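Asker: Protein chains in written order, with the working numbering: chain V, 7 to 104; chain W, 50 to 168; chain D, 10 to 120.
Cβ atoms here follow ideal geometry from the backbone N, Cα and C, with glycine treated the same way.
Computed from a predicted model, the values in this text were never measured in an experiment.
Quick one: the structure is below, questions incoming.
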Amino acid sequence: MTTLHLLSQSPWRQPLDSVLRLLGADDALLLCGDACQALHTGSEAWSLLQTLPATVRLYALQEDLQARNLGAAERVTPVDYPAFVELCAQYDKVNGWL
Amino acid sequence: MAKSLLLICRQSPWAGTAAREALDIALAGGAFELPIALLFMDDGVFQLPVGQQATALEQKDLSANLQALPLFGVDDLYVCQASLARRGLTDATLSLPVTPLHGAELPALLARFDLVMTL
Amino acid sequence: MSDLQVNGQTIALDKDGYLADRHDWNDAIAAALAAREGLELTAEHWEILHLLQAFYAEFQLSPATRPLIKYVALKLGPDKGNSLHLNRLFKGTPAKLAAKLAGLPKPTNCI
């Protein structure tokens, strides 16, 4: 069964490595809030994301990217709220990391 | 068939209420015979070593409460081995019979459950 | 909050009739609490009440019905650790009523 993992905190507050340890090959990661700060290319968090297998999908909430002047780097799909909801339904379960 | 739930406990017993809340969910679910499992990871592994004394801080004894899990029918208990190792707890005596998991065993565990909740 | 009068002593109860301070508990108080419920305590009741206190000492919480049955079965055998026996002794709500008579807090995981 697949899981959509929701991250909302900065990777410096909520280290990514523990999330990544739980990710299955068909799971996905959706970044919102300050979790999007992981997308600063060249950051430690960004390097960690690069180690994910290609099958793991990466999403980021469009408005949170915009607010932080972050572009969606390669392999990151920006989503709006309706798409966010669709994703939640698409995966077997959703796991929020508080 | 009731949905199975994996609770991921990531907080130290000394860091706010999350550890207690996760245990309350587990005990309540167990009392109603729901299929519940617990995974201790990150600072959540600090709930496990023996000899902690909550009374020194005038708090309720989470360790004692944790021991009730098997009686409440919650005996599917796991721990993230990497989390233990990073905290120097690989050889520590733990108060619960937890199954250590590492590498691909962790995502495989998540995949087995209908619901996952992280606290 | 209400009170219980036992041998000239006033014992504080919470709104559900559980002891406000479980350290108040003694045999006379247990009997008085039981009388309020229309129960007379027999040896069969007492062994469960004492077991509940052991449970609380070990786990620092009051058991729900299922763990109570399991614990009684573990300590006194399946003849006593079953819902029939415990329901008969404690008017069909063993987790709540036995905890009350044993001076423990109300179990939180029971409806």
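For a contact meaning CB atoms closer than 7 Å, what does C58(W) contact in chain V?
Answerer: The premise fails here: C58(W) is roughly 12 Å from chain V at the closest Cβ pair, so nothing lies under 7 Å.
Asker: Do you know offhand how far H151(W)'s Cα is from C129(W)'s?
Answerer: 6 Å
Asker: Going by Cα to Cα distance, which pick from D23(D), S71(D), G47(D) is closest to H57(D)?
Answerer: The sequence given here has Ile at residue 57(D), not His. Checking every option, the nearest Cα to that of I57(D) belongs to S71(D).
Asker: Per DSSP, R63(V) forms a beta bridge with which residues?
Answerer: A34(V)
Asker: Can you name, in chain order, every residue of its own chain whose Cβ lies under 8 Å from the Cβ of A117(W), other than the five neighbours on each side?
Answerer: L76
Asker: Is the Cβ of D92(W) closer than 8 Å to any Cβ of chain D?
Answerer: no
Asker: Taking 8 Å as the threshold (C-beta atoms), are F121(W) and G79(W) in contact?
Answerer: Going by C-beta atoms, G79(W) is nearer than 8 Å to F121(W).
Asker: Looking only at its chain, what residues have a beta carbon closer than 8 Å to the beta carbon of L22(D), apart from the 5 residues adjacent to it on each side?
Answerer: Leaving aside the five residues that flank L22(D) on each side, the residues in its chain whose CB is nearer than 8 Å to its CB run, in chain order, M10, S11, D12, L13, L28, A29.
Asker: Just reading off the alpha helix (DSSP H) that N159(D) is part of, what are its end residues?
Answerer: Nothing can be reported for residue 159(D): it is not among the residues displayed for chain D, which extend from 10 to 120.
Asker: Once DSSP output is grouped into helix, strand and coil, what is the label at K52(W)?
Answerer: coil
Asker: May I ask which residues mark the beginning and end of the beta strand (DSSP E) holding V85(V)?
Answerer: 82-85
Asker: Can you tell me where the alpha helix (DSSP H) with Y80(D) in it begins and where it stops?
Answerer: 74-85 is the extent of the alpha helix (DSSP H) around Y80(D).
Asker: So the candidates are R136(W), L97(W), P84(W); which of them puts its Cα closest to the Cα of C58(W)?
Answerer: L97(W)
Asker: Is the shortest distance between the beta-carbon of L22(V) and the beta-carbons of chain W less than 8 Å?
Answerer: no
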